[in-house]
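Mapping to this note's numbering: the sequence shown position 51 is 49, numbers consecutive.
Glycine residues also receive a C-beta, built at the ideal position from the N, C-alpha and C atoms.
Quick caveat, the model's predicted, so the values are computed rather than measured.
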Amino acid sequence: MPIRTYRDLQVYREADSAALEVSRVSKTFPRLEQVELARQLRRAARSVPANIVEGWGKRSSAAEFKRYLQTALGPCQETRMWLEMSLDEGYVTSEKYADLNERYERIGAMLVALWKKWKAF
-1 MPIRTYRDLQ VYREADSAAL EVSRVSKTFP RLEQVELARQ LRRAARSVPA NIVEGWGKRS
59 SAAEFKRYLQ TALGPCQETR MWLEMSLDEG YVTSEKYADL NERYERIGAM LVALWKKWKA
119 F
């Protein structure tokens, strides 16, 4: 399948889907955590697809696009940390944590793979 828009990137679709799931899960956190932990978790999760899209807008420069893919790795790992904290606090089940953590591990691997393969259009 040819890549015509960022929506054609498998890593974008997975990151966007995972961010939506994180958003849904975080809305079940206690009210006290809505302005702290849940907000940080949502921010980090949303930053992954946002960085992919921002980089896509600059894809005519392979180096620039790859820089944004690398930048997306940071919030990808940060999301995993906030998920772990959410598990430790008892706000997510171990099953939900395992599912989301695995998804973000896979997204990180996809970002690295795309970074290694990317050539400018």
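For the alpha helix (DSSP H) that contains residue i, what are its first and last residues?
{"i": "residue 98", "result": "92 to 115"}
CA-CA distance, residue i and residue j?
{"i": "residue 109", "j": "residue 73", "result": "12 Å"}
{"i": "residue 49", "j": "residue 0", "result": "21 Å"}
{"i": "residue 126", "j": "residue 102", "result": "Residue 126 lies beyond the stretch modelled for the chain, which goes from -1 to 119, so this question has no answer here."}
{"i": "residue 42", "j": "residue 23", "result": "14 Å"}
{"i": "residue 83", "j": "residue 65", "result": "28 Å"}
{"i": "residue 128", "j": "residue 114", "result": "A question about residue 128 goes unanswered here, because the residues of the chain that appear run from -1 up to 119."}
Secondary structure at residue i, three-state DSSP: helix, strand or coil?
{"i": "residue 1", "result": "coil"}
{"i": "residue 77", "result": "helix"}
{"i": "residue 89", "result": "coil"}
{"i": "residue 7", "result": "coil"}
{"i": "residue 26", "result": "coil"}
{"i": "residue 119", "result": "Residue confidence for residue 119 is low, a pLDDT of 47 falling below 50, so the modelled location carries little weight; the figure read from the coordinates is stated next. It is coil, neither helix nor strand."}
Taking only runs that begin and end inside the segment 28 to 66, name each unbroken alpha helix (DSSP H) of 4 or more residues, in chain order.
Secondary structure remark: continuous alpha helix (DSSP H) runs of at least 4 residues inside the segment 28 to 66, in chain order: 29 to 32 and 35 to 54.
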